[in-house]
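The block underneath contains the structure these notes are about, expressed in structure tokens.
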Amino acid sequence: MKKKASLSPKNDRLISFIVFAFAFLLYANTLHHGYVLDDDVVYVKNKDVQAGFSGIKNILNHSFTYGFTGNNDQYQSYRPIVLVFYAIEKALLGNNPHTGHFINVLFFALSCLLLYKLINKLFLFHVSMLHTQYPLFVVLLFAAHPIHTEAVANIKGRDEIMNLIFFEFTLLFILKHIDTKSKKDFFLSVLFFFLSLLCKEVAVTFLAIIPMTVYFFRNIPIKQIAVGMLPLVAVFGLYMLLRSSILDPVTVSEKMKIVNNALAAATNESDRMATALLILGKYIQLLFFPHPLSWDYSFNQIPIVSFMDIKVIGTLGAFAALGIYCFLVLQKMWKQRYAASKSSSSVIENAKSQYSIFNTQIFAFCILFFFITMSVVSNIFIMIGSTLGERFLFVPSIAFCLAVAFALHPSPTLPKGERGSTTSPPLWGGFRWGLMFVILALFSFKTFTRNKDWKDNLSLFTAGVEATPGSSRAQSALGSSYREMGEKEPDPNKRLEFFKKAVMYYKKAIEILPGNTEALYNAGVSYYGMGDKDKALNVYEQALKAAPNYVYAANNAGVIYFERKEYENAKKYFLQAIKYDPNNSDALGNLGAINHNQGNMKEAVEYYKRSLSINPVNQNVRGNLAKAEQALGQK
Numbered sequence: 101m102k103k104k105a106s107l108s109p110k111n112d113r114l115i116s117f118i119v120f121a122f123a124f125l126l127y128a129n130t131l132h133h134g135y136v137l138d139d140d141v142v143y144v145k146n147k148d149v150q151a152g153f154s155g156i157k158n159i160l161n162h163s164f165t166y167g168f169t170g171n172n173d174q175y176q177s178y179r180p181i182v183l184v185f186y187a188i189e190k191a192l193l194g195n196n197p198h199t200g201h202f203i204n205v206l207f208f209a210l211s212c213l214l215l216y217k218l219i220n221k222l223f224l225f226h227v228s229m230l231h232t233q234y235p236l237f238v239v240l241l242f243a244a245h246p247i248h249t250e251a252v253a254n255i256k257g258r259d260e261i262m263n264l265i266f267f268e269f270t271l272l273f274i275l276k277h278i279d280t281k282s283k284k285d286f287f288l289s290v291l292f293f294f295l296s297l298l299c300k301e302v303a304v305t306f307l308a309i310i311p312m313t314v315y316f317f318r319n320i321p322i323k324q325i326a327v328g329m330l331p332l333v334a335v336f337g338l339y340m341l342l343r344s345s346i347l348d349p350v351t352v353s354e355k356m357k358i359v360n361n362a363l364a365a366a367t368n369e370s371d372r373m374a375t376a377l378l379i380l381g382k383y384i385q386l387l388f389f390p391h392p393l394s395w396d397y398s399f400n401q402i403p404i405v406s407f408m409d410i411k412v413i414g415t416l417g418a419f420a421a422l423g424i425y426c427f428l429v430l431q432k433m434w435k436q437r438y439a440a441s442k443s444s445s446s447v448i449e450n451a452k453s454q455y456s457i458f459n460t461q462i463f464a465f466c467i468l469f470f471f472i473t474m475s476v477v478s479n480i481f482i483m484i485g486s487t488l489g490e491r492f493l494f495v496p497s498i499a500f501c502l503a504v505a506f507a508l509h510p511s512p513t514l515p516k517g518e519r520g521s522t523t524s525p526p527l528w529g530g531f532r533w534g535l536m537f538v539i540l541a542l543f544s545f546k547t548f549t550r551n552k553d554w555k556d557n558l559s560l561f562t563a564g565v566e567a568t569p570g571s572s573r574a575q576s577a578l579g580s581s582y583r584e585m586g587e588k589e590p591d592p593n594k595r596l597e598f599f600k601k602a603v604m605y606y607k608k609a610i611e612i613l614p615g616n617t618e619a620l621y622n623a624g625v626s627y628y629g630m631g632d633k634d635k636a637l638n639v640y641e642q643a644l645k646a647a648p649n650y651v652y653a654a655n656n657a658g659v660i661y662f663e664r665k666e667y668e669n670a671k672k673y674f675l676q677a678i679k680y681d682p683n684n685s686d687a688l689g690n691l692g693a694i695n696h697n698q699g700n701m702k703e704a705v706e707y708y709k710r711s712l713s714i715n716p717v718n719q720n721v722r723g724n725l726a727k728a729e730q731a732l733g734q735k
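Count along the sequence shown starting at 1, add 100, and that's the number in my numbering.
Structure follows, in structure tokens:
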């Protein structure tokens, strides 16, 4: 029987403190940051979250973005746990971004601490791994990796952190159940797996990761592992039933927007797949060399390529080699375990056999872990709403950290007696430790400096344009930051300068993607703010050619014609707006104004009333209604 490895309680507490403190302090410079990017969607402008405790019921019964969009099928995501947590935070602490960032950093430090506990649990029977402080370096590398800034420095990224925390608890309790046969631990593992599913859909990949981990790190027959997975599979089935009962059916006519996912621009499935594989290779590159980093990699930062592209050929070759390597390792593991089960050899001989494949076993585990956890977000099997996202590497990066730390730590050998031993020569061992320190220092510096980009939208979007200038969405987002500054600026000269900067970035966005309707619309808003209504009307009409259902562009175009007193042209656009959105109170109110000016008081009253039934606080429409009713002699 193998002897369990462990550190003294005192040392374990000290290392746990180091891990937690290192992770927390590394992101401490985000505590004074504000709300950025999608924080509006999940928190600031999410009506269910803003309702606090009273909004929890609505959160549990709708999609992830329903509280912001009012649409129950736009993203087809059901992630109630993190929204419930936001709602409780709002009820108790109000709208305070500093509190939100503190909780994010606290949770991240907790996830690092749990990862340290989990790795110790995984290597429970490998004494030399723990005596070389392998788990500590893995976790420090994970905590310092700059790729995590998007998940930690952005309050919305809490779904990634909580998903990891629940996964860590799931695996910890499963391993504890295996080692102690405790039914309570198994029940807790099932519960935490369900919670991870309610945090983010990528938790479905854990159905493959959990049995694979057990197979690699515990000598348990495959049949027994399969039987043990049945309750987790049943919980997943329950989750899918719950999800399908809450979310509306997918709207088949809804096309993926190119501005969000560049792969939608592929003209055939072959090119889409080739580009997706190249992007998967880009993810690996970002793990080894995380620079430059950006919040967005949309069209056309990563152009569509074919399988004839040399980079795609090289990526395919590398993936094939990794696949063959994993197959050979798994084959050797299976043969070794089969032979051990039939052999009457001594415990020492069996241990030697296991340690002889341990090196290759770890690397194969890491390769499989990475590709399995990336599968759902890779755009290979299903299209998602993003071309590439650094946040998607939050869990898969664990594989990278395990592999790099294993490659650099002193090589384990068969333990002698009760102590582990290493075979690395002192000089080589010193070089490895030095290299570890250099990697940690570089990663920590990059993380600390990258955190500053997430202070506010202007700093984030400015850094995004510098890192990914080929992204139409990144250019448009920076333009919107300047536009919003212009709308708030009282000084007319500064206001004009902000709008000019906004237009400059919107033009770049449109140059990259002429069909970027959001950039066209916002350019129109900026031109209007500058007083150039002709150019504003021109880009509004361009936006409507690309997307006739762009209600806001139609309404704004109608407003310009209304101001010119070209009422028939104005009416055409207002009618177009309510055709696609019958409850658009602005367009309805504007139709009332047109009929009012044309002397059609009865029609004006009808439109005014429809507008007020949707937006009863619009005092301008209410005043116009009173005048129209008076003209009709109804008062």
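Heads up, the beta-carbon is just placed ideally off N, CA and C, and yes, glycines get one too.
Source: prediction; values computed, not measured.
C-alpha distance - residue i paired with residue j, whole-angstrom precision
i           : j           : result
residue 641 : residue 503 : 54 Å
residue 700 : residue 717 : 24 Å
residue 459 : residue 424 : 16 Å
residue 117 : residue 111 : 10 Å
residue 599 : residue 422 : 51 Å
residue 729 : residue 686 : 19 Å
residue 692 : residue 651 : 17 Å
residue 146 : residue 256 : 12 Å
residue 703 : residue 662 : 17 Å
residue 347 : residue 178 : 8 Å
residue 385 : residue 496 : 13 Å
residue 594 : residue 627 : 15 Å
residue 276 : residue 218 : 10 Å
residue 196 : residue 132 : 10 Å
residue 199 : residue 141 : 18 Å
8 Å Cβ cutoff met for residue i and residue j
i           : j           : result
residue 612 : residue 575 : yes
residue 263 : residue 302 : yes
residue 252 : residue 204 : yes
residue 151 : residue 187 : yes
residue 395 : residue 250 : yes
residue 405 : residue 374 : yes
residue 561 : residue 581 : yes
residue 683 : residue 660 : no
residue 76  : residue 216 : No statement about residue 76 is possible, as the shown extent of the chain runs from 101 to 735 and does not include it.
residue 399 : residue 154 : no
residue 675 : residue 711 : no
Top-ranked residue by Cα proximity to residue i, from the options
i           : options            : result
residue 211 : 385, 320, 119      : 119
residue 261 : 498, 727, 637      : 498
residue 344 : 162, 560, 622      : 162
residue 401 : 123, 194, 566      : 566
residue 463 : 506, 596, 283      : 506
residue 643 : 628, 620, 559      : 620
residue 95  : 367, 397, 365, 368 : Here the chain comprises residues numbered 101 to 735, so residue 95 is not present and cannot be evaluated.
residue 757 : 297, 314, 723, 596 : The structure shown does not extend to residue 757, since the chain spans only 101 to 735, so no value can be given for it.
residue 213 : 627, 115, 370, 557 : 115
residue 646 : 633, 616, 623, 630 : 616
residue 357 : 485, 603, 160      : 485
residue 248 : 198, 492, 471      : 492
Three-state secondary structure (DSSP) of residue i
i           : result
residue 671 : helix
residue 611 : helix
residue 434 : helix
residue 92  : An answer regarding residue 92 cannot be provided, because it is not within the stretch 101 to 735 covered by the chain.
residue 280 : helix
residue 204 : helix
residue 385 : helix
residue 132 : coil
residue 485 : coil
residue 245 : coil
residue 402 : coil
residue 165 : coil
residue 647 : coil
residue 158 : helix
residue 634 : helix
residue 583 : helix
residue 456 : Note that residue 456 has pLDDT 44, beneath the 50 cutoff, so the model's placement of it is unreliable and the number below is only indicative. Three-state DSSP puts residue 456 in a helix.
residue 568 : coil
residue 300 : coil
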